[in-house]
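Counting in the working numbering, the sequence shown runs from 2 upward without gaps. C-beta: ideal position from N, C-alpha, C; glycine also. Since the structure is predicted, the reported quantities are computational estimates derived from the model, not experimental observations. Scroll down for the structure; my scribbles are underneath it.
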Amino acid sequence: MVTDILHRETVTFTVPGRPVMGPDGEPVPTANTVSLTGCNIQPVVAMGDDTYLGQVTQERWRLNSPNGVHLTDLGVTPDSIVSWRGQTLSISGVIGEWYPGDRMLAHSEIYLVKGGG
């Protein structure tokens, strides 16, 4: 039996829901949480930007879902917040869904950034 040492991370997605009316008539935000075990998270090259204040660097990671799991099927959206190893991260860009013909490597792929997407 082969053990997959890459797909062993657990992440929690906080998915924003529709606001509901509060007792004072103002909308109150709601959210659902989805935990997922078996993810692969790898660092990618930091994204830099030169501004008049200096070089700004943003940490980035690539998350691959477990084989056969698509994040959009779990309700995850690009504006979801990701919690991983005590960090709060944002999804940068779109959720890539892979549907290969053999169905063996079907999965999702997203990029995560610290501090906003």
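Residue i classed as buried or exposed, judged by whether at least 16 other C-beta atoms fall within 10 angstroms
i   : result
S81 : buried
W62 : buried
N65 : buried
V21 : exposed
V46 : exposed
V77 : buried
V12 : buried
V83 : buried
Residue(s) in a DSSP beta bridge with residue i
i    : result
T38  : T11
Y146 : This structure leaves residue 146 out entirely; the chain is present only between 2 and 118.
P17  : A32
S84  : T13 and T89
S22  : Looking at the sequence provided, one finds Met at residue 22 rather than Ser. In DSSP, M22 forms a bridge with P28.
V45  : R61
V70  : H108
Beta-carbon proximity check, residue i vs residue j, cutoff 8 Å
i   : j   : result
N41 : L75 : no
Distance cut-off 7 Å: residue i Cβ against heavy atoms of the ligand COA
i   : result
S66 : Questions concerning the ligand COA fall outside what the structure shown contains, since it holds no ligand whatsoever.
Using a Cβ distance threshold of 8 Å, determine whether the stretch 88-95 contacts the stretch 105-112, with at least three qualifying pairs required. yes
Should the stretch 65-75 be called in touch with the stretch 28-38, which here means at least 3 C-beta pairs below 8 Å? yes
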